[in-house]
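What follows is a short report on a single structure.
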Amino acid sequence: MNKIEFTPIGTVHSPFDELEGMPIQPIGAQGIKGEIHLRDDLIPGLKDLDGFSHLTLVYYLHKVKGYSLEVKPFLDNDHHGVFATRSPRRLNPIGISVVKLDSVNENVIEISNVDILNGTPLLDIKPYVPQLYEDTCKDLKIGWFEDKHENAEKTRSDDRFID
Numbered sequence: 049m050n051k052i053e054f055t056p057i058g059t060v061h062s063p064f065d066e067l068e069g070m071p072i073q074p075i076g077a078q079g080i081k082g083e084i085h086l087r088d089d090l091i092p093g094l095k096d097l098d099g100f101s102h103l104t105l106v107y108y109l110h111k112v113k114g115y116s117l118e119v120k121p122f123l124d125n126d127h128h129g130v131f132a133t134r135s136p137r138r139l140n141p142i143g144i145s146v147v148k149l150d151s152v153n154e155n156v157i158e159i160s161n162v163d164i165l166n167g168t169p170l171l172d173i174k175p176y177v178p179q180l181y182e183d184t185c186k187d188l189k190i191g192w193f194e195d196k197h198e199n200a201e202k203t204r205s206d207d208r209f210i211d
């Protein structure tokens with residue numbers, strides 16, 4: 049198998065220096081402010097980004113150690129396959145979050161609804177465009193999560209690494 053390497057494009061800064069107390073998903077992080085400090089050489093890549101209200105961030109879960117193929121997710125008492133969850137304990141510890149874009153100033157992007165650990169290496173930024181998905185999600189099913197989503201806002205990060 050080929051080895052894949054990524055170079056971070058910047059760093060996510062948030063109020064969360066520890067996993068404990070950090071929101072698990074953006075729904076629990078509403079209003080929490082953070083910043084992205086992009087590498088200076090990438091500033092031209094931010095052109096026209098300020099026309100979007102939300103961003104999808106792709107980042108490296110740099111504090112996650114190891115993986116589990118079956119995990120007990122934060123809102124359930126049953127174990128599920130890791131690919132049927134959003135657990136960080138993945139073979140490739142890559143995280144994604146949709147955040148609100150507040151402003152862009154040079155290489156600093158101010159964001160809200162941040163559920164990301166301070167100092168997290170950022171791999172990519174994509175504008176969030178829900179219209180690209182609306183026709184492809186007509187018969188949307190969310191599996192075991194169907195009756196759990198109302199409790200998502202109440203969870204704490206210390207439940208995050210249960211497996």
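Using the working numbering, the letters of the sequence shown map in sequence onto residues 49 to 211. Heads up, the beta-carbon is just placed ideally off N, CA and C, and yes, glycines get one too.
Exercise. Please say whether His85 and Thr59 have beta carbons closer to each other than 8 Å?
Key: yes
Quiz item: Can you name the start and end residues of the beta strand (DSSP E) that Thr170 belongs to?
Solution: For the sequence presented, residue 170 should be read as Leu rather than Thr. Start and end: Thr168 to Pro175.
Exercise. Look at the alpha carbon of Leu149 and the alpha carbon of Phe131, and state the distance between them as a whole number of angstroms.
Key: 28 Å
Exercise. Look up Asp150 in the DSSP assignment and say whether it is helix, strand or coil.
Key: strand
Quiz item: In three-state DSSP terms, what is Val117?
Solution: The residue asked about is misnamed: residue 117 is Leu in this sequence, not Val. Coil at Leu117, not helix or strand.
Quiz item: Does the region 138-148 come close enough to the region 108-127 to have 3 or more Cβ pairs within less than 8 Å?
Solution: yes
Quiz item: Grouping DSSP H, G and I as helix and E and B as strand, with all else coil, what is Thr184?
Solution: helix
Self-check item: Neighbour-count burial assignment, Asp65, 16 or more Cβ in a 10 Å radius
Solution: exposed
Self-check item: Where the beta strand (DSSP E) containing Val156 begins and where it ends
Solution: Val156 to Ser160
Quiz item: Below 8 Å between beta carbons: does that hold for Phe100 and Tyr181?
Solution: no
Exercise. Quick one: grab the DSSP three-state call for Val60.
Key: strand
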